Every structure is written in C-alpha cells, then in structure tokens.
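Read in order, the letters of the sequence shown correspond to residues 22 to 111 in the numbering used here.
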Amino acid sequence: MAAKKTKKRTINAAFAKPLNPSAALAEIVGTKPLARFEASKKIWDYIKKHGLQDKKNRRQINPDDKLAAVVGKKPITMFELTAKYNKHLS
C-alpha cells in the first residue's frame, strides 16, 4: 500500500485578512488591524484574564463594561460571541 500524501492545511484568505476593529472592540484587542482569528484569540484572553466566563455554566459569558459595549449587556453564550464581535470588524 502506498502512503497517502498529506496536503498542508492553509488558512482561508478571507479569514486571515486584517480588519480594523471598532472603537469599542479596540479597547479589548488594540487598535492595529488584525485577522478574525487573532481577534477571537485576544477576546478569549481578555475573558479568561478578567474571569468573565460563568463558573457553573462554562458556555456562558458575563460581560463587563468593556465587553458589554461589543456584545451587549446581558450574559451570552460562547456560540453567540463570534457573531457579536464580527460586527465590530471592518
């Protein structure tokens, strides 16, 4: 049996395109243009650093004032997070 050649995975160009964050999002991730996956990583770093993930229901995020400016005031699930912050990237 011949070994299969593995193709190296590449990132979708649209996903890696640097985008400018809004003023509200820039308070969390910085003002430099960044790709969507970089914004996601920085937002999760912020959530973990400030303990915004619910202790009992780990899928729920309780936003502080800075994050609430991006995602809204009420607690949201981690699955809604991407849709909320994507509106702040242009």
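Ideal placement from N, C-alpha and C gives every residue a C-beta, glycine not left out. Please read these numbers as outputs of a predicted model, since none were measured by experiment.
Checklist entry - Over what stretch of residues does the alpha helix (DSSP H) that includes Ser61 continue unbroken? => result 57-70
Checklist entry - Residues bridged to Thr98 by DSSP? => result Gln81
Item to check | Straight-line Cα distance separating Asn83 from Asn33 | outcome: 31 Å
Next on the checklist: For the pair the segment 47-59 and the segment 83-103, tell me if three or more CB-CB distances fall below 8 Å.
Outcome noted: yes
Next on the checklist: Restricting to Cα atoms, I'd like to know which of Ala37, Pro96, Thr31 is closest to Phe58.
Outcome noted: Ala37
Checklist entry - Is Ala60 buried or exposed, if buried means 16 or more other CB atoms sit within 10 Å of its CB? => result buried
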